[in-house]
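One line per chain: the protein sequences are A and B, in this order.
Take the position in the first sequence, starting the count at 1, then add 127; the result is the number in the numbering used here.
Take the position in the second sequence, starting the count at 1, then add 35; the result is the number in the numbering used here.
Report on one structure; see the data block that follows.
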Amino acid sequence: MSATVGAALVQAAALVALVLACALPLSGYLVNVMEGHPTPARRLLGPVERVALRLVGVGAGSDAGASATPSAVPSAPAAPASGEAAGDPMGWKRFLASVLLFTAVGFAGLLAILMGQGVLPANPEGFPGLPFDTAFNLAASFVTNTDWQPVAGESSLSYFSQAVGLAVQNFLSPAAGIAVAFALMRGIAAPGTGTVGNFFADVVRAVLYVLLPLSLALALVGVWQGTPQTFQGYETVQLLEPVAVDADGNVVAADDAAAVQTVTEAVVPLGPQASQVSVKQLGTNGGGFNGANSASALENPTPLTNLLQCAAIPLLPFALVLAFGRMVGDRRQGRALMAAVLVLLAAGTATVVAAEFAATPQLAAGGAVYLGDLGQSAGNMAGKEVRIGVGESATWAALTTAIANGSSNASLEAMTPVGTLAPLVFIGLGEVVGGGAGTGLAGLVGFTVLTVFIASLMVGRSPEYLGKKIGPAEMRMATIAVVAPALVILAGATVLALAPAGAAATGEGGPFGFSELLYAATSAGGNNGSALAGLDANVPLVNYVLGAEMLLGRLVPIAAVLALAGSLAERAAQPAGAGTLSTASPLFVGLLLVIIVLVGALTLLPALALGPVAEAVAGAL
Amino acid sequence: MNGKTLMRTAGSAVALFVAATVLCGVVYPLVVTGVAAAAFPVQATGSIIEVDGVKYGSALVGQSFRDEGHLWGRPTVADATTFTGDDGQPLLWYGPENLSPASDAFAERVAERVAAVRAAHPDQGNAPVPSDLVTVSGSGFDPHISPAAAEYQVGRLAAATGRSEEEVRGIIRQCTEKPLLGAIGQSRVNVLKVNLMLDGIL
């Protein structure tokens with residue numbers, strides 16, 4: 128391992144340590160705000176919360192007001208007025224119906240905005256409404272927290288579509304994920320009551336107390352550092368060196384014989400970017416304001432914004448994993464899951480970082496290109512920005528795919544074959560290594576239940592997790608939650624690869640072309656949203672297949688997880704006995720890792736062998 | 036769950052969507068815009084470099100430079116068909132290259148760029164070319180190059196502009212930003228700013 132790789136890994140480790148240091152207190156805060164406990168933030172925002180809860184029909188409720196003054200209120204008369212502890216708690220079926228209806232409403236609203244942007248306000252560039260297939264894909268993408276984008280924002284979306292359409296889902300989709308995670312945690316912790324909380328109260332609280340304040344702070348740092356935030360139209364600037372276009376519209380030198388018109392001006396896309404970029408990073412969304420995402424110096428102008436945006440990717444997923452321990456009353460359980468996540472994350476990050484510093488023989492050009500680190504970043508600078516460099520781009524690529532974020536600060540397409548393989552594996556494993564806000568924790572608990580079942584069978588005990596018996600019903604749901612994303616991915620990839628329109632959409636044929644299709648199918652089914660940009664994604668077939676994948680890849684596991692939460696919530700907790708399997712031991716964490724890798728490998732290896740692996744082998748021959 | 040509960044749930048879903056659209060989609064971006072306009076007016080409107088009423092570009096958007104007397108930035112893949120100005124004139128914009136660095140097409144492009152860069156810098160002989168001078172960035176409009184890539188061009192710039200190499204290096208130094216805390220991010224030279232200073236505009 129070279130010194131540059133070592134230094135980059137030390138820096139990545141420091142970043143993750145910083146995130147953990149922030150996630151630890153944030154996890155306690157999350158539990159307090161989501162469970163209606165009194166916190167200083169609730170004293171400030173409590174009135175807004177109460178108005179919002181009344182508006183969405185959650186009883187006068189929440190215990191926030193009552194528990195803020197616990198000793199002053201006699202408990203008996205207060206009970207009927209303030210309702211149950213979490214204000215109108217739902218059983219898992221009503222919770223799931225709420226998730227589905229809320230997703231449907233968001234989808235319809237966003238579809239209408241995108242198709243109607245031509246007649247809506249805040250459209251200084253005069254973009255027309257999107258065609259149905261593009262709008263369908265984009266709406267499915269943003270309500271499912273995927274943020275795959277078939278078109279570049281700066282050249283197709285109005286400010287209204289961005290700020291009022293997409294950015295709103297950037298808040299609501301992670302909030303819905305957090306609600307599902309809390310439903311699962313409540314189901315595990317419930318003493319046999321059968322309820323898992325109120326979905327609408329959860330979304331209100333996650334937006335108001337977590338996503339809005341954090342996004343506001345990060346947005347203001349972004350503008351300070353240079354990210355645009357305005358509703359004015361795009362700027363036009365003078366070029367110091369004019370160029371020209373030929374008859375086909377290709378850009379040529381100003382003195383080129385084929386030139387038919389000189390080009391003396393360039394465009395600078397503006398818009399309410401900072402407010403959207405911050406929530407894109409914090410809410411595991413990943414959809415950039417601009418096509419170039421955070422590789423654009425407008426979205427991500429300095430090393431400071433890069434550091435904060437990169438740290439924002441895993442912040443909420445990590446805090447939720449740690450909150451799990453608090454919610455089930457045993458913090459070691461959260462730490463054990465966190466340890467499994469960190470092991471996988473470290474392996475993936477080290478792989479990408481080493482591959483990108485090693486670069487490729489095609490770039491080295493027989494020694495004609497300098498790839499050392501004197502006065503520049505070492506390694507593969509293709510597709511990377513000078514201000515960020517190779518190490519921090521590789522770290523971001525690992526984080527954004529382990530966490531189901533999908534934003535990028537470099538071109539994934541321009542990464543080395545091994546450098547793209549690790550992100551693809553991360554997404555293909557499902558939302559496990561951090562995953563999306565809420566959905567990641569749910570996926571991880573699904574795998575944990577599966578591991579508990581297998582481990583218990585191996586030692587001949589009846590399976591139980593955190594005091595709850597794991598029966599056939601629980602196993603069915605955990606299995607669906609674990610394998611559904613992989614099934615959706617493989618089905619999508621199959622359709623894309625077999626349909627002529629799918630193959631025609633690839634930028635390059637052969638193994639690399641298949642990699643592009645597989646990556647797109649994986650990114651959509653895994654609700655990640657990152658892309659190998661060579662794929663011409665904005666064609667109807669690709670839009671529909673990927674849109675359907677995104678919806679199924681999100682809603683099927685959520686339904687299974689909520690059913691799991693519901694059946695666990697109905698079970699009475701039994702005290703741990705001498706024979707109870709420890710689920711916080713290093714041994715259990717090791718077994719969990721084996722199960723995650725095995726399931727991932729069994730489902731994805733054949734497909735990977737046809738794409739990135741074939742590519743790497745062909746390159747080495 | 037009966038039909039009445041379902042209707043009530045649907046009502047809650049619509050109410051929450053509308054309330055969130057107002058709060059997160061209207062109030063929130065307007066608050067950020069208001070604070071930005073008051074506290075960071077230059078950054079909020081694109082960090083435009085304006086001298087005597089002429090807007091020369093954004094400090095955050097790279098341009099393509101190939102003149103003898105200009106510092107060259109990273110290679111660009113320019114496009115003049117996506118955006119048009121008020122009078123219908125084409126406006127330049129940039130995109131990424133989207134080529135796998137393990138592909139033959141990529142190897143050919145790199146070889147062409149190396150040849151072009153070396154032809155313009157005979158004083159550098161066969162010295163290896165800094166990698167950022169022959170690779171397209173992730174955005175396609177990277178506003179910076181590395182100090183190594185700037186130093187590579189000093190001889191040519193001095194000869195073409197009639198300045199001493201030390202003067203050229205002084206300009207480059209003025210337009211160089213350091214990593215945060217010495218370790219986060221990279222040292223970088225803002226190409227447009229250097230060229231505006233070389234042209235005597237800044």
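Cβ atoms here follow ideal geometry from the backbone N, Cα and C, with glycine treated the same way.
This one's a predicted model, so the numbers in the text were calculated from it and none came from an experiment.
- Message: Please give the ranges of any beta strand (DSSP E) in the stretch 349-396 of chain A, keeping only runs that are unbroken, at least 3 residues long and fully inside the region.
- Response: Counting only runs of at least 3 residues, the stretch 349-396 of chain A fully encloses the following beta strand (DSSP E) elements, listed from N- to C-terminal order: 362-373, 378-380, 386-395.
- Query: When the distance is taken between beta carbons, is G636 of chain A closer than 9 Å to A630 of chain A?
  - Reply: If you number the first sequence from 1, residue 630 of chain A lands on position 503. If you number the first sequence from 1, residue 636 of chain A lands on position 509. Pairing A630 of chain A with G636 of chain A gives a Cβ-Cβ distance under 9 Å.
- Cβ neighbour criterion (16 or more within 10 Å) applied to G324 of chain A: As a working mapping, residue 324 of chain A is identified with position 197 in the first sequence. It is buried - the Cβ of G324 of chain A has at least 16 other Cβ atoms within 10 Å.
- Which residue from A:V688, A:S709, A:A741 puts its Cα closest to that of L311 of chain A? Stepping through the first sequence from its first residue, residue 311 of chain A is reached at position 184. Just measuring C-alpha positions, the residue of A:V688, A:S709, A:A741 sitting nearest L311 of chain A is A:V688.
- Assigned secondary structure, K213 of chain B (DSSP; H/G/I helix, E/B strand, else coil): Position 178 of the second sequence holds residue 213 of chain B. The answer is coil: DSSP assigns K213 of chain B none of H, G, I, E or B.
- At a CB-CB cut-off below 7 Å, which residues of chain E make contact with I440 of chain A? Here the protein chains are A and B, and chain E is not one of them.
- Quick one: is K213 of chain B buried, meaning 16 or more other Cβ sit within 10 Å of its Cβ, or exposed? Walking along the second sequence from the start, residue 213 of chain B turns up at place 178. The residue is exposed, with fewer than 16 neighbouring Cβ atoms inside 10 Å.
- Task: Can you say whether S520 of chain A is buried or exposed, counting buried as having 16 or more other CB atoms within 10 angstroms of its CB?
- Result: By 1-based counting over the first sequence, the position of residue 520 of chain A is 393. Its Cβ being crowded by 16 or more others within 10 Å, S520 of chain A is buried.
- Spatial neighbours of R458 of chain A in its chain, beta-carbon cut-off 8 Å, leaving aside the 5 residues before and after: Walking along the first sequence from the start, residue 458 of chain A turns up at place 331. Excluding sequence neighbours, R458 of chain A sits near L449, G452.
- Query: Given that G60 of chain B touches chain A, what residues does it touch there, using C-beta distances under 7 Å?
  - Reply: Along the second sequence, one-based indexing puts residue 60 of chain B at 25. Those are A290, V291, A294, V295, listed as they occur along chain A.
- CB-CB length for V545 of chain A against G518 of chain A, believed under 8 Å: The residue you call residue 545 of chain A lines up with position 418 of the first sequence. The residue you call residue 518 of chain A lines up with position 391 of the first sequence. At roughly 16 Å, the Cβ-Cβ gap does not stay under 8 Å, so V545 of chain A and G518 of chain A are not in contact.
- Looking at the C-beta of L51 of chain B, does it have a partner C-beta in chain A at a distance below 9 Å? As a working note, residue 51 of chain B is residue 16 in the second sequence. It does: the Cβ of L51 of chain B has a partner Cβ on chain A nearer than 9 Å.
- Item | Cβ of L237 of chain B within 9 Å of any chain A Cβ | Start at 1 with the first residue of the second sequence, and residue 237 of chain B comes out as number 202. Closer than 9 Å: no.
- Message: I need the DSSP call for D215 of chain A, collapsed to helix, strand or coil.
- Response: Taking the first sequence and counting its residues from 1, the one referred to as residue 215 of chain A is at position 88. Coil.
- Task: Pick out the complete alpha helix (DSSP H) segments inside the stretch 240-290 of chain A, 4 residues or longer, and give them in chain order.
- Result: Entirely contained in the stretch 240-290 of chain A, the alpha helix (DSSP H) runs reaching 4 residues are, in chain order, 259-270, 280-283.
- Please check if any C-beta of chain B sits within less than 9 Å of the C-beta of S282 of chain A. What you label residue 282 of chain A is simply residue 155 of the first sequence in a count that begins at 1. S282 of chain A counts as touching chain B.
- Query: Do the CB positions of L720 of chain A and V470 of chain A come within less than 9 Å of each other?
  - Reply: Numbered from 1 along the first sequence, position 593 holds the residue referred to as residue 720 of chain A. Numbered from 1 along the first sequence, position 343 holds the residue referred to as residue 470 of chain A. Yes, these two residues count as a Cβ contact at 9 Å.
- Item | DSSP bridge partner residues for I180 of chain B (one or two, in chain order) | On the second sequence, position 145 is the one that residue 180 of chain B refers to. Answer by DSSP bridge pairing, in chain order: B:V224.
- Task: Return no unless some Cβ of chain B is closer than 9 Å to the Cβ of V576 of chain A.
- Result: By 1-based counting over the first sequence, the position of residue 576 of chain A is 449. No, V576 of chain A lies away from the interface with chain B (no Cβ there is under 9 Å from its Cβ).
- Under 8 Å Cβ to Cβ from E252 of chain A, same chain only, skipping five residues before and after it: list those, please. Numbered from its first residue, the first sequence carries residue 252 of chain A at position 125. Cβ within range, chain order: S285, G360, Y361.
- Query: Under a CB-based cut-off of 9 Å, is D87 of chain B close to chain A?
  - Reply: On the second sequence, residue 87 of chain B is found 52 positions in, with the first residue counted as 1. It does not; no Cβ of chain A falls within 9 Å.
- Item | Unbroken stretches of the alpha helix (DSSP H), 4 residues or longer, contained in the stretch 677-713 of chain A | Complete alpha helix (DSSP H) runs here, min 4: none at all.
- Query: Going by Cα to Cα distance, which pick from A:S712, A:A613, A:A509 is closest to G175 of chain B?
  - Reply: The residue you call residue 175 of chain B lines up with position 140 of the second sequence. Among A:S712, A:A613, A:A509, the Cα nearest to that of G175 of chain B is on A:A509.
- On the three-state DSSP scale, how would you describe I84 of chain B? Counted from its first residue, the second sequence places residue 84 of chain B at position 49. Strand at I84 of chain B.
- Message: I'd like to know whether the C-beta of T192 of chain B is nearer than 9 Å to at least one C-beta of chain A.
- Response: If you number the second sequence from 1, residue 192 of chain B lands on position 157. The sequence as given places Leu at residue 192 of chain B; Thr does not occur at that position. Closer than 9 Å: no.
- Give the single residue among A:G573, A:E742, A:A473 whose Cα lies nearest to the Cα of L136 of chain A. On the first sequence, residue 136 of chain A is found 9 positions in, with the first residue counted as 1. Comparing alpha-carbon positions, the option among A:G573, A:E742, A:A473 lying closest to L136 of chain A turns out to be A:A473.
- Local Cβ density within 10 Å of T230 of chain A, reported as buried at 16 or more and exposed below that: For the purposes of this step, residue 230 of chain A is taken as residue 103 along the first sequence, with counting starting at 1. Answer is buried; the Cβ neighbour count reaches 16.
- the stretch 457-483 of chain A: positions lying closer than 7 Å to chain B by Cβ: Within the stretch 457-483 of chain A, no residue qualifies.
- Message: From the DSSP secondary-structure annotation, give me the bridge partner or partners of G130 of chain B.
- Response: Indexing the second sequence from 1 puts residue 130 of chain B at position 95. B:V112.
- the stretch 274-282 of chain A / the stretch 661-675 of chain A touching (three or more Cβ pairs under 8 Å): The stretch 274-282 of chain A makes contact with the stretch 661-675 of chain A; the number of CB pairs closer than 8 Å reaches 3 or more.
- With 9 Å as the threshold, decide whether the Cβ of H179 of chain B is near any Cβ in chain A. Translated into positions along the second sequence, residue 179 of chain B becomes position 144. Judged by the 9 Å Cβ criterion, H179 of chain B is in contact with chain A.
- Query: Is the beta carbon of N655 of chain A less than 9 Å from the beta carbon of G475 of chain A?
  - Reply: One-based indexing of the first sequence puts residue 655 of chain A at position 528. One-based indexing of the first sequence puts residue 475 of chain A at position 348. Taking 9 Å as the Cβ cut-off, N655 of chain A and G475 of chain A do not qualify as a contacting pair.
- Query: Ends of the beta strand (DSSP E) at Y336 of chain A?
  - Reply: Residue numbering aside, residue 336 of chain A sits at position 209 when the first sequence is read from its first letter. Premise fails: Y336 of chain A is in no beta strand (DSSP E) and is neither H nor E.
- Taking C-beta to C-beta, are A711 of chain A and R332 of chain A nearer than 9 Å? As a position in the first sequence, residue 711 of chain A is number 584, starting the count at 1. As a position in the first sequence, residue 332 of chain A is number 205, starting the count at 1. Contact flag unset, no.
- Message: If we define contact as Cβ-Cβ less than 9 Å, is P174 of chain A a contact residue for chain B?
- Response: As a first step, residue 174 of chain A is located in the first sequence; it is residue number 47 there, counting from the start. Chain B contact via Cβ: absent.
- Within 9 Å, strictly: CB atoms of P599 of chain A and L708 of chain A: As a working note, residue 599 of chain A is residue 472 in the first sequence. As a working note, residue 708 of chain A is residue 581 in the first sequence. No, the pair does not count as a contact, with Cβ atoms beyond the cut-off.
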